[in-house]
Amino acid sequence: MIRANRKECRKRLAELIENKLTVENSFAKEVHAESVKMFTETPAVVVTSDGSRRTQLTFQGLADAYYFLIETFITFPTQDDTTYTRETVEDSLDNIEAGIAEVISENNKESGYWEHLAFADRSDTINVPGLDGTQYRFERILIEVT
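Residue numbers (our numbering): 11 to 156.
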């Protein structure tokens with residue numbers, strides 16, 4: 011049975027991702043458990059709630075599922091930058107995705123939080139402009155918790 015409040019699962023998932031991506035590895039500079047307007051540094055990872063499904067079962071209570079969106083933001087290099095390249099950006103994006111996959115695999119069951127943690131769909135990537143004009147490489151990963 012998962013926790014009744016999605017907030018606790020979101021914060022725990024973000025904590026696990028932060029440990030994997032910033033403590034065990036140096037893949038990300040920031041991990042947030044809430045939406046943010048601007049980043050101090052990138053690569054940055056944001057974990058936000060993306061909806062719930064609360065299905066009433068006839069004689070067995072509820073079959074709840076929570077969905078979380080994990081978003082990765084990495085700034086593109088400037089034209090003047092010779093050491094930080096587009097290849098570096100792609101390598102960082104791939105390392106972060108692999109780290110998140112490890113978190114999902116290693117924490118499939120998290121006592122007191124969820125019974126099953128899984129990818130809900132394929133991830134997608136895109137290049138997006140930031141509010142300040144900075145160009146980002148961006149990946150969205152949808153996670154389901156039951």
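Just so it is clear, CB atoms sit at the ideal spot from N, CA and C, and this is done for glycine as well.
query: C-alpha distance - threonine 135 paired with threonine 65, whole-angstrom precision; result: 31 Å
query: Length of the line joining the Cα atoms of aspartate 60 and glutamine 89; result: 36 Å
query: Selection from Thr68, Thr85, Trp124 that minimises the alpha carbon distance to lysine 39; result: Thr85
query: C-alpha gap between glutamate 100 and cysteine 19, whole angstroms; result: 29 Å
query: Strand pairing of isoleucine 153, partner residues [DSSP]; result: Phe78, Phe129
query: Span of the beta strand (DSSP E), counted from its first residue to its last, around glutamate 40; result: 40 to 42
query: Identity of the residues DSSP links to aspartate 134 by a beta bridge; result: Arg150
query: Residue ranges of each beta strand (DSSP E) within the stretch 13 to 51, 3 or longer; result: 40 to 42
query: Presumed contact (8 Å Cβ cut-off) between phenylalanine 148 and valine 155, rounded CB distance; result: At roughly 23 Å, the Cβ-Cβ gap does not stay under 8 Å, so phenylalanine 148 and valine 155 are not in contact.
query: Separation of arginine 63 from threonine 52, as counted between CA atoms; result: 32 Å
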